[in-house]
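S.K.: One structure is given below, represented as C-alpha cells, and several questions about it will come after.
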Amino acid sequence: ARHVAHGVCRRSEEVIGGITRRIGWLSQPVQSSRFKVQKTDTKKMGYLAFEETKVWQEGKLLVKELYQAINDNRSFAHDYALANQIRRSAISIPSNIAEGFERASNKELTQFLYIAIGSSGELRTQIQIAVDLEYLSPE
Numbered sequence: 003a004r005h006v007a008h009g010v011c012r013r014s015e016e017v018i019g020g021i022t023r024r025i026g027w028l029s030q031p032v033q034s035s036r037f038k039v040q041k042t043d044t045k046k047m048g049y050l051a052f053e054e055t056k057v058w059q060e061g062k063l064l065v066k067e068l069y070q071a072i073n074d075n076r077s078f079a080h081d082y083a084l085a086n087q088i089r090r091s092a093i094s095i096p097s098n099i100a101e102g103f104e105r106a107s108n109k110e111l112t113q114f115l116y117i118a119i120g121s122s123g124e125l126r127t128q129i130q131i132a133v134d135l136e137y138l139s140p141e
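The opening residue of the sequence shown carries number 3 in this note's numbering; numbering runs sequentially from there.
As C-alpha cells, this is what we get:
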C-alpha cells in the first residue's frame, strides 16, 4: 500500500485532465443548459449522467485507492488529522463533479469542476506530505 502515492498522483492528474477537457467542452454550444439525466435517450442528445463520465469514475477509484492505502498502514491510519483531510479532499473531487452535473447551468457546472480541480491540488499536496512522513512511498 505504501507504493500508492505515484499511482494516486497519476490518477489525480488524469482526473484533472478529464475535468479540464469537460470545461473546454462546456464552451461549445449545447442544446440545453441542463445536464441532468433525462428519462429520454440522453446519449442521442449528447448528454451524460455524471456516473457515465470517465472523470467521475476515475475520481471514485481514487477515493477507494486512498482509503485502502490509509487503512493498510497503521501509522497512517492513526494520523487522524492527515488521514481525515486526505479522505475529505479525495471525496470532494467526484462529489463536486456530481454536484456540478446536477446544477441548472453550464456556468454552475464549470464552477464545480474548478472546485474539483482545487480539491485535486489540495489532495496532491497532502499525498506529498504523506510521502515526506513515510506513510507512502513516492513510487
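The C-beta atom is built at its ideal place from N, Cα and C for all residues, glycine as well.
Rounded to whole angstroms, how far is the Cβ of Q128 from the Cβ of L84, which I believe are closer than 8 Å?
M.R.: About 7 Å; that satisfies the 8 Å criterion.
S.K.: Residue range of the alpha helix (DSSP H) that N86 falls in?
M.R.: Y82 to F103 is the extent of the alpha helix (DSSP H) around N86.
S.K.: What does the Cβ neighbour count give for G123, buried or exposed, with the cut at 16 atoms within 10 Å?
M.R.: Looking at its Cβ environment, which holds fewer than 16 other Cβ atoms inside 10 Å, G123 is exposed.
S.K.: With distances taken Cα to Cα, identify the nearest neighbour of V133 among I88, I95, Q59 and K109.
M.R.: Answer by Cα proximity: I88.
S.K.: Excluding the 5 residues preceding and the 5 following S94 in the sequence, name in chain order all residues of the same chain whose CB lies nearer than 6 Å to its CB.
M.R.: Correct list, in chain order: S121.
S.K.: If contact is defined by three or more beta carbon pairs under 8 Å, each pair taking one atom from either stretch, is the region 108-115 in contact with the region 59-79?
M.R.: Touching, no, given that fewer than three Cβ pairs across the two stretches are closer than 8 Å.
S.K.: Kindly list the residues whose CB is nearer than 6 Å to the CB of Y69, restricted to its own chain and excluding five residues on each side of it in sequence; keep chain order.
M.R.: Hits under 6 Å: none found.
S.K.: What do you get for L138, buried or exposed, if any count of 16 or more other CB atoms within 10 angstroms of its CB means buried?
M.R.: Per the 10 Å Cβ criterion, buried.
S.K.: If you follow the alpha helix (DSSP H) that F114 is in, where does it begin and where does it stop?
M.R.: Segment N108 to D134, the alpha helix (DSSP H) holding F114.
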